[in-house]
Every structure is written in structure tokens, then in C-alpha cells.
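Just so you know, we're using numbering that gives the first Met the number 0 here: the sequence shown kicks off at 0 and counts up by one.
All residues carry an ideal CB built from backbone N, CA and C; glycine is no exception.
Model, not experiment: these values are computed from the prediction.
As C-alpha cells, the structure follows; a few thoughts come after it.
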Amino acid sequence: MVATALMLPTIGTVSVHALKKGNKNLRLDKKEYLSIPSSFIAFLAGVIDGDGYIQITRTTKGFITIKLVISIHLEDISTLEYVQSVLKLGKVSIYRDHKSPTCKLIINRTDLQEVLFPLLLHHGIFFLTDTRRAQFDLAMFILKDDKKVYDQIPASLSLRERDASPLRGDAMKEIPTLFELPKTASDYANLAFFKNWIVGFTISEGSFYVKKNNDGCFQLKQRVHVMLFEAFKLVFETNRKIDTEKGLYNQFAVSSKADIQTVINFFSFSGFHPLIGLKNIQYLKWLTVLRNSSRYGNLNFPE
Numbered sequence: 000m001v002a003t004a005l006m007l008p009t010i011g012t013v014s015v016h017a018l019k020k021g022n023k024n025l026r027l028d029k030k031e032y033l034s035i036p037s038s039f040i041a042f043l044a045g046v047i048d049g050d051g052y053i054q055i056t057r058t059t060k061g062f063i064t065i066k067l068v069i070s071i072h073l074e075d076i077s078t079l080e081y082v083q084s085v086l087k088l089g090k091v092s093i094y095r096d097h098k099s100p101t102c103k104l105i106i107n108r109t110d111l112q113e114v115l116f117p118l119l120l121h122h123g124i125f126f127l128t129d130t131r132r133a134q135f136d137l138a139m140f141i142l143k144d145d146k147k148v149y150d151q152i153p154a155s156l157s158l159r160e161r162d163a164s165p166l167r168g169d170a171m172k173e174i175p176t177l178f179e180l181p182k183t184a185s186d187y188a189n190l191a192f193f194k195n196w197i198v199g200f201t202i203s204e205g206s207f208y209v210k211k212n213n214d215g216c217f218q219l220k221q222r223v224h225v226m227l228f229e230a231f232k233l234v235f236e237t238n239r240k241i242d243t244e245k246g247l248y249n250q251f252a253v254s255s256k257a258d259i260q261t262v263i264n265f266f267s268f269s270g271f272h273p274l275i276g277l278k279n280i281q282y283l284k285w286l287t288v289l290r291n292s293s294r295y296g297n298l299n300f301p302e
């Protein structure tokens with residue numbers, strides 16, 4: 000579903016008062032957002048599927064607030080600054096009072112209505128984890144129906160905001176799903192945006208490391224999404240079994256020479272959106288170790 004309009008549509012109605020808020024000096028003209036590459040939008044969707052969430056809450060006066068938040072460790076603030084520099088949206092906030100200091104990129108309701116959600120629809124890009132998809136569907140339901148008061152959300156729907164879990168049963172039927180998730184691993188793998196999405200998902204949920212036995216390893220880990228993780232096997236051309244931990248988490252991990260070469264080809268030679276921030280630093284250090292190892296030293300590495 001790719002729109003052909005020359006300007007992004009606005010989802011729902013935007014209050015005149017809302018347009019006066021926020022940093023409008025930062026935001027681009029709406030037409031200019033169409034020049035942002037789809038590879039970046041797919042990459043961003045992967046980051047959000049891993050480290051983001053769409054928060055829907057009640058104000059003290061009973062109104063609905065919606066915002067998208069990407070939260071990462073403070074040491075990786077450059078990743079959020081990069082995303083903000085491309086989108087020209089949102090505010091980066093720092094939280095130093097935690098045992099693990101964090102930083103967050105927060106995008107408000109108006110910018111979601113006018114820019115980010117329309118960009119996803121324009122490029123036919125959607126979230127691939129159950130939780131994020133459920134949050135997106137609920138947000139779109141609220142925006143399209145121009146709901147302002149929290150009590151206008153059916154009680155069964157508002158539960159999703161509290162426990163961040165996908166709706167089931169009758170509650171799921173109360174709102175439409177804009178994009179149906181693929182049914183098979185090959186359907187995931189064949190999505191036009193999937194590989195750039197993987198790069199973003201790797202930023203959030205991936206790791207490059209060397210085991211104590213000097214085996215190089217690439218790993219992706221998150222809540223159980225069986226077909227999604229089976230699709231990783233197709234993209235990285237491996238038969239390695241997907242592990243399930245405590246029935247809650249799937250883990251995709253490879254370490255053979257052939258598999259590691261495929262991983263290097265994917266991240267260094269395929270022309271997808273590049274890794275950024277701390278994950279890119281981790282990847283480059285990983286390549287250096289592998290270059291100097293007796294097992295992997297003869298692989299094809301980037302210059």
C-alpha cells in the first residue's frame with residue numbers, strides 16, 4: 000500500500016493549539032519528508048520494534064495523550080541524535096538518576112499524526128512484533144476516530160496500554176488492523192523492507208561478540224515470534240536452530256565460518272542502511288578480532 004500523493008496526509012484532526020506547541024523550527028516542510036529514503040523508515044521501524052513503544056495514557060483531566068518513545072542507554076545517545084537529525088522531529092531527553100542511565104527520543108501526537116505515521120503508510124512499512132503492532136493499531140484507531148477523552152476508548156482496549164500486550168479475543172475485533180502480519184517465514188523474508196528493518200532491529204536486539212572458545216557470534220534475541228525468527232534463518236542462509244528460552248524469548252545465533260561470512264556480507268557489502276552508534280562500534284571491533292583470528296582470518300572483510 001504505497002500512496003502517490005505529493006504531500007503526506009494528516010491522520011485524524013490536529014488541534015490548532017497543538018500546532019503551536021513543539022519545536023516547529025526543527026521540523027521540515029511536510030513535502031520534504033517524502034525525500035527521506037524508505038531504507039531509513041524501515042531501519043527506524045526495526046529500532047522501534049526493539050527499543051521503542053507507543054505510549055497511550057490518560058491526563059489528569061481525562062484526555063488521551065499519545066507519544067512514541069525510543070529509550071536506550073545513555074552511552075548510545077548518538078543513535079537517537081542520528082534519528083532526530085534525519086526526522087527533524089522529537090525531543091531527546093536524558094535521565095541520569097537511574098542505575099542504568101538512559102536517554103529517550105520522544106515524538107508527540109501531532110508529529111505522529113502529520114509525519115511519522117503517514118510516512119509508514121506511504122512506504123507500506125509496518126511493525127513486525129505483536130506488541131508494537133498492537134500499540135500502533137490502537138493509536139491509529141484513536142487518531143482516525145478523533146477520540147480525545149480517555150474514557151472513549153473501550154475498557155478492553157485500554158488494557159493494552161497498561162500491560163503492553165497484544166489484544167486477544169473480542170477486544171482485538173474492536174479495532175482494525177492496518178497491516179496483517181506475514182503468516183510464514185518466507186513471507187517475512189520477502190517483505191521489501193525486511194532487510195533494512197533487520198539492521199534497525201539489530202541496533203536494539205542484536206549483538207556481535209566472541210565466545211571464550213574464540214568463536215565469533217552474531218545474535219538476535221527478543222520475545223517469542225516464531226515465524227519472524229525463522230525468517231532470520233532465510234535471510235542469513237542458515238539452518239541453525241532457533242532457541243527458545245523459558246518459553247518467553249527466541250534467540251537466533253550463528254558462529255560457523257560460512258554463517259559469519261554471510262553476516263559480514265549482510266552488514267558490510269549489501270548496501271542496506273548502515274549500523275550506527277554503539278552497535279556499529281561493537282561490529283567494527285568484532286571484525287577486527289575476527290580478522291586476527293586463525294579461524295576467521297581468511298574471510299572476506301571490508302576494507
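Residues sharing a beta bridge with residue i, DSSP
i	result
residue 183	Answer by DSSP bridge pairing: none, since residue 183 is not bridged.
residue 244	248
residue 68	52 and 105
residue 290	According to DSSP, residue 290 bridges with nothing at all.
residue 63	57
residue 253	217
Under 8 Å between C-beta atoms of residue i and residue j
i	j	result
residue 141	residue 124	no
residue 136	residue 177	yes
residue 106	residue 115	yes
residue 271	residue 286	no
residue 57	residue 65	no
residue 201	residue 274	yes
residue 258	residue 231	no
residue 10	residue 143	yes
residue 295	residue 205	no
residue 203	residue 49	yes
residue 256	residue 190	no
residue 233	residue 185	yes
Which listed residue (the options) has its alpha carbon closest to that of residue i
i	options	result
residue 40	57, 64, 55 and 81	81
residue 109	279, 291 and 8	8
residue 32	113, 133, 134 and 209	113
residue 12	139, 127, 189 and 261	139
residue 187	89, 126 and 175	126
Using a Cβ distance threshold of 8 Å, determine whether the region 203–221 contacts the region 244–258, with at least three qualifying pairs required. Below 8 Å, enough C-beta pairs join the region 203–221 and the region 244–258 to call them touching: three or more.
Three or more beta-carbon pairs under 8 Å between the region 236–244 and the region 190–206, yes or no? No contact exists between the region 236–244 and the region 190–206.
Counting only runs of 3+ residues fully inside the region 76–164, write out the beta strand (DSSP E) ranges in chain order. Whole beta strand (DSSP E) segments, 3+ residues: 90–94 and 101–107.
Using a Cβ distance threshold of 8 Å, determine whether the region 69–82 contacts the region 222–231, with at least three qualifying pairs required. Segment contact: the region 69–82 against the region 222–231, fewer than three CB-CB distances shorter than 8 Å; contact not assigned.
Spell out a yes or no on whether the region 93–100 and the region 177–187 are touching, meaning 3 or more CB-CB pairs, one atom from each, closer than 8 Å. Between the region 93–100 and the region 177–187 there are fewer than three inter-stretch CB-CB distances shorter than 8 Å, so the stretches are not counted as touching.
Segments of 3+ residues assigned as beta strand (DSSP E) that fall wholly inside the region 200–234: Listed in chain order, they are 205–209 and 215–222.
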